[in-house]
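If you want the working numbering, it's the position in the sequence shown, counting the first as 1, plus 6.
Think of the CB as a built atom: it goes at the ideal place given N, C-alpha and C, for glycine as much as any other residue.
From a predicted model like this one, the values you see are computed outputs, not experimental measurements.
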Amino acid sequence: MTALPAPFTFSQSSLQNYFDCPRRFELRYIEKLNWPAVEAEPVAENERRMADGNFFHRLVQQYLLGLPADKLSRLASAPEASPDLLRWWDNFQQNFRSLTDFGSLHPEAVLSAPIGNHRLLAKFDLIAVRDGRATIYDWKTYHKRPKDEWMAVRMQTKVYRHLLAKAGSHLNGGKPFAPEAIQMTYWYADYPSEPAAFRYDAAQFKRDESALETLIAEIESSTSFPLTGDEGKCRYCAYRSYCKRGARAGDWHDAEAEAEAHETFDINFEQIAEIAF
Ligand code: SF4
């Protein structure tokens, strides 16, 4: 049997990591191995881009929590801020002119639900509710806009919509959202007029539930976690040298979204709105 702790808190990141490479899941979440390889080159540019992305998320969060836009604009246009940050912030402001565009706002919402012997948890950039319908917004600062087909099958798309249907009733006056009332929108800060929107329905909810339960049962019962057969995944993986899958990282321009699956999951567990375990 695996040494997977029970209950284990699964997230879209850990499931995506397992999906991309079982060995990466084992190293990261079971062995908890910190391996200091860089995930993308050039290092400085990659780190700057990630820092800008985090800063952008914080600006938007503060805005949604009610801080004045002009104060946040001054931060985005400070001399030390990067042109990327200012461009993303300007794009955001132009596309979401007023908080009332969103309906009732739940920025940085955290939802969790039991799944098998474990639990599934997600932290959302924003859940906006209007007239019994919910839109999940996720801000992406990718340099290249991914294809919709690629985003549609990401674990994030499955997990977020599923969790909102399953554990989001407190955002809807105590009534669960019907899957048909849920939409997930990825808004790309560099492609502000080309968001990707994914609707949901009861049939997809059932398929996702079954797929997630099967995947988690598979992880729970795994006794070996093989290295991925797709060595392209190794180019952006911190364990590359540990696995002897090449010394040099891939270029971040080619795979920001791949690298994003490694994001650390910063959760304050006291914030978790959890249904009975
Ligand atoms: S380097 Fe490749 S095989 Fe090793 S954990 Fe990373 S993705 Fe998996």
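State buried or exposed for residue i, treating a residue as buried only when at least 16 other CB atoms are found within 10 Å of its CB.
i: THR106; result: exposed
i: ARG34; result: buried
i: LEU21; result: buried
i: HIS112; result: buried
i: TRP145; result: buried
i: GLY59; result: buried
i: ALA12; result: exposed
i: LYS239; result: buried
i: ARG55; result: buried
i: PHE39; result: The question names Phe, but residue 39 in the sequence shown is Leu. Exposed, since its Cβ has fewer than 16 Cβ neighbours within 10 Å.
Expressed to the nearest angstrom, what Euclidean distance is found between the alpha-carbon atoms of residue i and residue j?
i: SER175; j: SER247; result: 45 Å
i: ALA187; j: PHE211; result: 12 Å
i: THR284; j: PRO201; result: The requested residue 284 does not occur in the structure, where the chain is confined to residues 7 to 283.
i: ILE278; j: LEU126; result: Note that ILE278 has pLDDT 39, beneath the 50 cutoff, so the model's placement of it is unreliable and the number below is only indicative. Taking the straight line joining both Cα atoms gives about 11 Å.
i: LEU71; j: ASP214; result: 32 Å
i: ALA184; j: TYR197; result: 30 Å
i: ALA115; j: THR163; result: 16 Å
i: ASP4; j: LYS77; result: Any question about residue 4 goes unanswered here, given that the chain covers just 7 to 283.
i: SER79; j: PRO152; result: 28 Å
i: CYS27; j: THR229; result: 15 Å
i: SER199; j: PHE14; result: 39 Å
i: ALA253; j: ARG241; result: 9 Å
i: ARG103; j: TYR69; result: 11 Å
i: PRO89; j: GLY180; result: 43 Å
One question on the structure: do residue i and residue j come within less than 7 Å of each other, judged by their Cβ atoms?
i: THR141; j: GLN189; result: yes
i: GLN18; j: VAL159; result: no
i: ASP154; j: TYR143; result: no
i: ALA173; j: LEU117; result: yes
i: PHE16; j: HIS124; result: yes
i: ALA208; j: ASN97; result: no
Am I right that residue i and residue j are in contact with their C-beta atoms under 8 Å? What's the rounded C-beta distance?
i: THR147; j: TRP193; result: With a Cβ gap of about 10 Å, THR147 and TRP193 do not count as contacting.
i: ARG29; j: LEU233; result: 5 Å
i: ALA128; j: LEU169; result: 5 Å
i: PHE231; j: PHE31; result: 6 Å
Leaving out five residues before and five after residue i in sequence, what residues of the same chain have Cβ atoms less than 7 Å from its Cβ?
i: ALA82; result: LEU65, LEU91, LEU92, TRP95
i: PRO74; result: none
i: GLN67; result: PRO113, GLU114
i: MET157; result: THR163, TYR192, ALA202
i: ALA119; result: ARG125, LEU126, LEU169, LYS172, ALA173, ILE281
i: MET161; result: GLN18, LEU21, GLN22, PHE25
If I measure Cβ to Cβ from residue i and keep anything under 6 Å in the same chain, skipping five residues before and after, which residues do I get?
i: PRO182; result: SER175
i: GLY109; result: ALA134, VAL135, ARG136
Quick one: what's got a C-beta closer than 8 Å to residue i's C-beta in the same chain, skipping five residues either side?
i: ALA171; result: PRO182, PHE183, ALA184, PRO185, ILE188, TYR206, PHE211
i: ALA9; result: ILE36
i: ILE121; result: PHE16, LEU218, GLU219, ILE222
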